[in-house]
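Novice: For the sequence shown, the working numbering begins at 64 and goes up steadily by one.
Dropping a structure here in structure tokens format, bear with me for questions.
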Amino acid sequence: LGDFDSSPMPSELLYEVKRYKSDKEETDMQLAMLEGFERGYNNFIILGGTGGRLDHTFANIELLAYAEKHGRFAALVDETNKAFLVSNKTVDLKRESGKYVSLFAYGGEATGVTLEGFKYSIKNETFSPVNPVGVSNEMIDIVGRITVEKGSLLVIISKD
């Protein structure tokens with residue numbers, strides 16, 4: 064699915080192929096997500112969306128918010144990282160060895176942020192998009208809990 068401006072059109076059509084004009088508003092990844100919406104999917108794992116061009120990586124991070132805005136979940140995953148949003152809720156994460164958990168305010172301030180089960184636990188703090196204080200935390204309990212009362216945090220789980 065896409066405009067095939069950066070890769071050749073598949074020569075053997077073993078799969079369904081949708082080709083779009085290269086002069087369009089959506090990225091190919093957004094078109095794929097929209098196709099998934101139409102087919103009734105609610106969870107999206109974006110693979111191959113972090114290498115190469117930084118502008119496309121950033122666009123794929125924005126697709127995490129786009130999915131959430133439309134009542135779906137999306138994660139951006141590569142060999143060393145997994146990124147997703149936590150907005151206006153509490154989530155529990157299972158600890159994985161050799162992993163760092165970084166948190167960034169996304170789309171404005173995130174208030175009422177509480178972290179439990181982390182090396183640097185906090186209670187009812189505010190994260191700002193202009194102050195990256197949530198970099199490289201570590202889970203110390205089997206389950207770490209992230210609460211955001213209002214706003215969104217971009218959560219990035221990274222290997223060593």
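For each residue, glycine too, the CB sits at the ideal point set by N, CA and C.
For N123, which of helix, strand or coil comes out of DSSP?
Specialist: For the purposes of this step, residue 123 is taken as the residue at position 60 of the sequence shown. Note: N123 maps to helix in three-state DSSP.
Novice: Give me whichever residues DSSP pairs with A146 in a beta bridge.
Specialist: Within the sequence shown, the letter at position 83 stands for residue 146. Its beta-bridge partners are L139, I219.
Novice: What does the Cβ neighbour count give for T113, buried or exposed, with the cut at 16 atoms within 10 Å?
Specialist: In the sequence shown, the residue the question calls residue 113 occupies position 50. So T113 counts as buried.
Novice: DSSP on D118, reduced to helix/strand/coil?
Specialist: Your numbering for residue 118 matches position 55 in the sequence shown. Helix, per DSSP.
Novice: On the DSSP letters alone, give me the boundaries of the alpha helix (DSSP H) that E98 sits inside.
Specialist: Locating residue 98 in the sequence shown gives position 35, where the first residue counts as 1. E98 -> alpha helix (DSSP H) spans 91-101.
Novice: Could you have a look at E201 and say whether DSSP puts it in helix, strand or coil?
Specialist: In the sequence shown, residue 201 corresponds to position 138, counting from 1. Coil.
Novice: Rounded to whole angstroms, how far is the Cβ of Y183 from the Cβ of L216, which I believe are closer than 8 Å?
Specialist: Looking up residue 183 in the sequence shown gives position 120. Looking up residue 216 in the sequence shown gives position 153. Contact flag wrong, Cβ pair sits at about 14 Å.
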